[in-house]
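Q:
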Amino acid sequence: MAFLTYCQCYTAVHQHNTEPLNGWRKGIAATTNQEPNIRLAMFLKDYIVDIFRATKSLLTGMKRTGYYFVHPKEIITEQYPDNRDTLVMADRFRGEVIMPHDENREHACTGCTACELACPNATIKIVTKFDITPEGKKKKALDTFVYHLELCTMCGLCVEACPTDAIKMGQKFEHSVYDRSMLTKKLNLPGSKIREGIE
Amino acid sequence: MFSLQGITNSIQTWLVRNFTGTWVLVIECAIVMLLAITLFAVLGLVLVWMERKVAAHMQIRLGPNRVGPMGIFQTSADTLKLILKEGLTPDGADKLLFNLAPFVVMIVAMLLLAPIAFARGFQVWDINIGVLYITAISSLSVIGILMAGWASNNKYSLLGAMRSGAQIVSYELSAGLSILTIVVLTGSLQIGDIINAQQNGWWLFKGHIPVVIAFVIFMIAATAETNRAPFDLAEAESELTAGFHTEYSGMKFALFFLAEYINIFIVCAIGATLFLGGWMPLHIGSWEGFNHVMDYIPSSVWFFVKTFLLIFLMMWFRWTFPRLRVDQLLSLEWKYLLPISLFNLLLATVVAIFEWHF
Numbered sequence: 023m024a025f026l027t028y029c030q031c032y033t034a035v036h037q038h039n040t041e042p043l044n045g046w047r048k049g050i051a052a053t054t055n056q057e058p059n060i061r062l063a064m065f066l067k068d069y070i071v072d073i074f075r076a077t078k079s080l081l082t083g084m085k086r087t088g089y090y091f092v093h094p095k096e097i098i099t100e101q102y103p104d105n106r107d108t109l110v111m112a113d114r115f116r117g118e119v120i121m122p123h124d125e126n127r128e129h130a131c132t133g134c135t136a137c138e139l140a141c142p143n144a145t146i147k148i149v150t151k152f153d154i155t156p157e158g159k160k161k162k163a164l165d166t167f168v169y170h171l172e173l174c175t176m177c178g179l180c181v182e183a184c185p186t187d188a189i190k191m192g193q194k195f196e197h198s199v200y201d202r203s204m205l206t207k208k209l210n211l212p213g214s215k216i217r218e219g220i221e
Numbered sequence: 006m007f008s009l010q011g012i013t014n015s016i017q018t019w020l021v022r023n024f025t026g027t028w029v030l031v032i033e034c035a036i037v038m039l040l041a042i043t044l045f046a047v048l049g050l051v052l053v054w055m056e057r058k059v060a061a062h063m064q065i066r067l068g069p070n071r072v073g074p075m076g077i078f079q080t081s082a083d084t085l086k087l088i089l090k091e092g093l094t095p096d097g098a099d100k101l102l103f104n105l106a107p108f109v110v111m112i113v114a115m116l117l118l119a120p121i122a123f124a125r126g127f128q129v130w131d132i133n134i135g136v137l138y139i140t141a142i143s144s145l146s147v148i149g150i151l152m153a154g155w156a157s158n159n160k161y162s163l164l165g166a167m168r169s170g171a172q173i174v175s176y177e178l179s180a181g182l183s184i185l186t187i188v189v190l191t192g193s194l195q196i197g198d199i200i201n202a203q204q205n206g207w208w209l210f211k212g213h214i215p216v217v218i219a220f221v222i223f224m225i226a227a228t229a230e231t232n233r234a235p236f237d238l239a240e241a242e243s244e245l246t247a248g249f250h251t252e253y254s255g256m257k258f259a260l261f262f263l264a265e266y267i268n269i270f271i272v273c274a275i276g277a278t279l280f281l282g283g284w285m286p287l288h289i290g291s292w293e294g295f296n297h298v299m300d301y302i303p304s305s306v307w308f309f310v311k312t313f314l315l316i317f318l319m320m321w322f323r324w325t326f327p328r329l330r331v332d333q334l335l336s337l338e339w340k341y342l343l344p345i346s347l348f349n350l351l352l353a354t355v356v357a358i359f360e361w362h363f
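If you read the sequences in order, they're chains A and B. Quick note on this note's numbering: the first sequence kicks off at 23 and runs consecutively. Quick note on this note's numbering: the second sequence kicks off at 6 and runs consecutively.
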């Protein structure tokens with residue numbers, strides 16, 4: 023009985039297929055209605071074309087790796103400990119936070135603590151003091167810029183937050199030390215002061 | 006001229022002069038065992054280093070270059086590390102099978118060494134059904150892998166082992182059929198006869214299209230049988246951590262690792278013997294001078310150069326192609342390689358009957 027139902031369904035679907043309105047179904051019907059030997063020829067053609075395309079794509083891949091194999095000059099590895107003298111880091115490489123000083127030991131930090139606020143994990147601690155200006159006024163200034171390298175994730179948010187471009191990311195990356203306390207650094211040089219004209 | 010045959014003959018005569026019949030046999034067996042183990046150790050070190058170097062250069066890297074010049078002692082250092090490590094056996098594992106499996110895999114690889122001719126007259130056992138012996142023994146290695154996978158009591162291991170089983174059983178067929186092509190052309194199953202039939206040219210050159218097709222199919226099937234990428238579904242680091250040897254550590258892991266490379270060597274040696282003339286030098290028709298120069302190169306050098314060329318080809322495959330899916334793997338074998346190699350065998354038979362080969 024189930025078989026009969028299946029046959030009826032099949033016939034119904036088959037008749038449905040021949041309706042001119044169903045475009046894609048008509049397409050299927052057209053291919054299945056072909057002569058069996060034509061279908062076999064189509065299958066064989068597809069089969070052989072498949073093999074040729076597969077072989078071609080595999081050979082293309084092998085050509086590329088083979089090219090790299092016989093061209094050692096293409097190698098992109100840096101011979102790091104051997105080429106320390108000539109090593110050039112990328113411009114945007116972020117190794118550590120540094121505070122550039124000019125020839126008069128002057129920096130551009132006003133002690134505004136924008137970087138300290140911007141830092142996501144309390145890497146920076148700014149200690150401020152009050153300078154007396156020539157006019158006799160008190161003015162906030164930087165005393166110590168404490169930088170905890172061991173906490174820093176090199177995200178660069180402090181550099182973006184700085185209004186006077188006093189700090190930037192340095193290129194040094196060899197930070198290994200034997201004692202953790204050596205990673206806590208003072209970025210402003212001793213005896214340095216803020217450059218004239220920076221507010 | 007350097008020849009391994011001369012050395013073996015002089016050892017043989019010296020032994021015969023100094024010992025009785027049985028002792029000669031025992032001592033010769035001991036020498037063969039020693040040589041086989043030495044070859045395995047050296048091959049393991051050299052092939053792993055070669056693989057790492059080839060892989061690195063194909064990926065625009067340099068590879069190991071710190072331990073010794075060009076990093077040639079890197080693999081020795083790694084082996085030392087593996088020897089010093091503890092060989093753990095998991096609590097839930099089947100202890101006997103777990104510890105037996107690496108040795109089964111290794112012994113199968115060792116058995117396969119017997120009929121391979123390394124040089125003119127330098128062969129452990131020139132059995133008259135050499136090719137049959139090779140195909141029969143090489144399918145045993147799957148037992149060791151299944152043992153390892155099942156005994157580990159680990160899903161990854163079991164999956165890897167089952168995949169390996171399906172893979173080796175199916176690719177055995179097309180490998181066997183492509184080997185049969187050469188057997189049909191030569192008319193002999195003996196390795197010595199097959200090499201001697203290539204005196205005037207290697208089968209790859211004088212066998213026309215059927216042998217070229219058989220060679221390609223053999224290389225694909227050989228890559229699959231040794232469980233190497235792109236057919237490394239049994240290990241599949243990214244899916245099964247390490248497949249059947251996930252639970253192995255220390256020297257037992259090293260044995261699996263070594264067996265993989267030994268199998269590559271053996272499969273490539275068989276390929277070189279059947280299709281590239283084994284230790285037979287390259288001869289071109291009637292160029293007497295050229296042929297004479299080629300004869301001057303020792304036969305062992307010819308054998309190893311050809312084998313290592315094929316090994317390089319397999320490494321080239323590994324570092325170029327992505328891994329297949331299980332269904333793709335099986336459809337490649339059953340829908341493409343098997344029908345093609347069956348048809349190809351028929352073609353080769355026609356060529357052999359009408360003697361169209363050179």
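The C-beta atom is built at its ideal place from N, Cα and C for all residues, glycine as well.
So who's on the other strand from A:MET191, going by DSSP bridges?
A: Within the first sequence, the letter at position 169 stands for residue 191 of chain A. In the DSSP output, where bridge partners are listed per residue, A:MET191 has A:VAL119.
Q: Please state the DSSP three-state secondary structure of A:THR175.
A: As a position in the first sequence, residue 175 of chain A is number 153, starting the count at 1. Looking at A:THR175 - three-state DSSP - the assignment turns out to be coil, as it is neither helix nor strand.
Q: Do B:LYS58 and B:GLY68 count as a contact pair if the criterion is CB distance below 8 Å?
A: Your numbering for residue 68 of chain B matches position 63 in the second sequence. Your numbering for residue 58 of chain B matches position 53 in the second sequence. Their beta carbons are under 8 Å apart, which means B:GLY68 touches B:LYS58 by this criterion.
Q: Starting from B:VAL109, trace the beta strand (DSSP E) both ways and give me its first and last residue.
A: The residue you call residue 109 of chain B lines up with position 104 of the second sequence. Looking at the DSSP string, B:VAL109 is not in any beta strand (DSSP E); the run it does join, the alpha helix (DSSP H), is 100 to 116.
Q: Can you check whether the CB of B:ARG328 is closer than 8 Å to the CB of B:LEU238?
A: For the purposes of this step, residue 238 of chain B is taken as residue 233 along the second sequence, with counting starting at 1. For the purposes of this step, residue 328 of chain B is taken as residue 323 along the second sequence, with counting starting at 1. For B:LEU238 and B:ARG328, yes; Cβs fall inside 8 Å.
Q: Hey, how far is the Cα of A:LYS108 from the Cα of A:LYS95?
A: As a working mapping, residue 108 of chain A is identified with position 86 in the first sequence. As a working mapping, residue 95 of chain A is identified with position 73 in the first sequence. A small correction: the amino acid at residue 108 of chain A is Thr; Lys does not occupy that position in the sequence shown. Taking the straight line from one Cα to the other gives about 18 Å.
Q: May I ask you to list the residues that DSSP assigns as paired with A:TYR169?
A: As a first step, residue 169 of chain A is located in the first sequence; it is residue number 147 there, counting from the start. BP columns for A:TYR169 point to A:ILE146, A:LYS207.
Q: Return the CA-CA distance between B:PHE220 and A:PHE195, expressed in angstroms with no decimal places.
A: The residue given as residue 220 of chain B occupies position 215 in the second sequence. The residue given as residue 195 of chain A occupies position 173 in the first sequence. Whole-angstrom Cα-Cα distance: 53 Å.
Q: With burial defined as no fewer than 16 other Cβ atoms inside 10 Å of the residue's Cβ, what is the status of A:LEU212: buried or exposed?
A: Numbered from 1 along the first sequence, position 190 holds the residue referred to as residue 212 of chain A. Note that residue 212 of chain A is Pro in the sequence shown here, rather than Leu. Result: exposed.
Q: With 8 Å set as the bound, which would you pick, yes or no: does the beta-carbon of B:MET63 sit closer than that to a beta-carbon of chain A?
A: Taking the second sequence and counting its residues from 1, one reaches residue 63 of chain B at position 58. True, the Cβ-Cβ gap to chain A drops below 8 Å.
Q: Quick check on the burial criterion: 16 or more other C-beta atoms within 10 angstroms. Buried or exposed for B:ALA353?
A: As a first step, residue 353 of chain B must be located in the second sequence, where it is residue number 348. Label assigned to B:ALA353: buried.
Q: B:PHE280 and B:PHE123: beta carbons closer than 8 Å?
A: Mapped onto the second sequence, residue 280 of chain B falls at position 275. Mapped onto the second sequence, residue 123 of chain B falls at position 118. Not in contact: B:PHE280 and B:PHE123 (Cβ atoms no closer than 8 Å).
Q: Tell me, please, which residues DSSP counts as bridged to A:LYS95.
A: Counting from one through the first sequence, the residue named residue 95 of chain A turns up at place 73. Paired residue(s): none; A:LYS95 is not in a bridge.
Q: Please name the residue or residues paired with A:GLU128 in a DSSP beta bridge.
A: Here the question's residue 128 of chain A lines up with position 106 in the first sequence. Answer is A:LYS215.
Q: Would you mind giving the Cβ-Cβ distance between B:TRP339 and A:THR87, rounded to the nearest angstrom? I have them listed as a contact below 8 Å.
A: As a first step, residue 339 of chain B is located in the second sequence; it is residue number 334 there, counting from the start. As a first step, residue 87 of chain A is located in the first sequence; it is residue number 65 there, counting from the start. Contact doesn't hold; Cβ gap of about 29 Å is too wide.
Q: Alpha carbon to alpha carbon, how far is B:SER144 from B:GLN2? Give it in angstroms, no decimals.
A: As shown, chain B starts at 6 and ends at 363. That puts residue 2 of chain B outside it, with no answer to give.
Q: Checking contacts by CB at 8 Å: is B:LEU279 closer than that to chain A?
A: Counting from one through the second sequence, the residue named residue 279 of chain B turns up at place 274. With 8 Å as the cut-off, B:LEU279 does not count as an interface residue toward chain A.
Q: Taking a contact to mean a Cβ-Cβ separation below 8 Å, would you say B:PHE261 touches B:VAL129 in this structure?
A: By 1-based counting over the second sequence, the position of residue 261 of chain B is 256. By 1-based counting over the second sequence, the position of residue 129 of chain B is 124. No, these two residues do not count as a Cβ contact at 8 Å.
Q: Can you name, in chain order, every residue of its own chain whose Cβ lies under 8 Å from the Cβ of B:PHE24, other than the five neighbours on each side?
A: The sequence position of residue 24 of chain B within the second sequence is 19, counting from 1. Within the same chain, B:PHE24 has close Cβ partners ILE32.
Q: Just the C-alpha distance for B:ALA202 and B:THR191, rounded to the nearest angstrom, thanks.
A: Here residue 202 of chain B refers to the residue found at position 197 when the second sequence is read from its first residue. Here residue 191 of chain B refers to the residue found at position 186 when the second sequence is read from its first residue. Roughly 7 Å between the two C-alpha positions.
Q: Quick one: is B:TRP284 buried, meaning 16 or more other Cβ sit within 10 Å of its Cβ, or exposed?
A: Counting from one through the second sequence, the residue named residue 284 of chain B turns up at place 279. B:TRP284 is buried by the Cβ-count criterion.
Q: Whose CA, out of B:VAL147, B:PHE45, B:ASP198, B:LEU137, lies closest to the CA of B:MET167?
A: Numbered from its first residue, the second sequence carries residue 167 of chain B at position 162. Minimum Cα distance to B:MET167 is reached at B:VAL147.
Q: Does the beta carbon of B:ARG66 come closer than 8 Å to any beta carbon on chain A?
A: As a position in the second sequence, residue 66 of chain B is number 61, starting the count at 1. For B:ARG66, the answer is yes, since a Cβ of chain A falls inside 8 Å of its Cβ.
Q: Please confirm if the segment 232 to 251 of chain B is in contact with the segment 194 to 210 of chain B, defined as three or more CB-CB distances below 8 Å between the two stretches.
A: no
Q: Over what stretch of residues does the alpha helix (DSSP H) that includes B:ALA122 continue unbroken?
A: Reading the second sequence from its first residue, position 117 is the one you call residue 122 of chain B. Taken as a continuous stretch (DSSP letters only), B:ALA122 belongs to no alpha helix (DSSP H), being part of the beta strand (DSSP E) at 122 to 124.
Q: Taking the alpha-carbon of B:SER229 as reference, which of B:ASN296, B:TRP28, B:ALA171 has the nearest alpha-carbon?
A: What you label residue 229 of chain B is simply residue 224 of the second sequence in a count that begins at 1. Note on identity: in this sequence residue 229 of chain B is Ala, with Ser being the wrong assignment. If we check each option's Cα against that of B:ALA229, B:ALA171 comes out closest.
Q: Any idea what DSSP makes of A:ALA163, helix, strand or coil?
A: Sequence index remark: in the first sequence, residue 163 of chain A carries index 141 (1-based). The answer is strand: DSSP assigns A:ALA163 an E or B state.
Q: So which residues of chain A does B:THR325 contact, with C-beta pairs closer than 7 Å?
A: Along the second sequence, read from residue 1 onward, the residue named residue 325 of chain B stands at position 320. In chain order: GLY83, MET84, THR87.
Q: Pull out every residue of the segment 293 to 327 of chain B whose Cβ sits closer than 7 Å to any Cβ of chain D, in chain order.
A: This model lacks chain D altogether, as its protein chains are A and B.
Q: In this structure, does DSSP put A:ASP153 in helix, strand or coil?
A: Taking the first sequence and counting its residues from 1, one reaches residue 153 of chain A at position 131. Here A:ASP153 sits in strand by DSSP.
Q: Along chain A, which residues have their Cβ under 9 Å away from the Cβ of B:TYR341?
A: For the purposes of this step, residue 341 of chain B is taken as residue 336 along the second sequence, with counting starting at 1. Result: TYR69, ASP72, ILE73, ALA76.
Q: Determine the closest residue to B:ASN2 out of B:ILE139, B:ASP99, B:GLU252, B:LEU185, with distance taken between C-alpha atoms.
A: Past the edges of chain B, shown from 6 to 363, lies residue 2 of chain B, and the structure says nothing about it.
Q: Count the other CB atoms, across all protein chains shown, that sit within 10 Å of the CB of B:SER383; report buried if there are 16 or more and exposed otherwise.
A: With chain B covering only 6 through 363, there is no way to say anything about residue 383 of chain B.
Q: So which of A:SER198, A:ALA188, A:ASP104, A:ASP165 has the shortest CA-CA distance to A:GLU221?
A: Here the question's residue 221 of chain A lines up with position 199 in the first sequence. Comparing Cα-Cα distances from A:GLU221 to each of A:SER198, A:ALA188, A:ASP104, A:ASP165, the minimum goes to A:ALA188.
Q: State the DSSP-derived secondary structure class of B:GLN10, mapped to helix, strand or coil.
A: Counting from one through the second sequence, the residue named residue 10 of chain B turns up at place 5. If DSSP states are grouped into helix, strand and coil, B:GLN10 belongs with the helices.
Q: Along the chain, where does the alpha helix (DSSP H) that runs through B:VAL72 open and close?
A: Position 67 of the second sequence holds residue 72 of chain B. For B:VAL72, there is no enclosing alpha helix (DSSP H), as DSSP marks it with neither H nor E.
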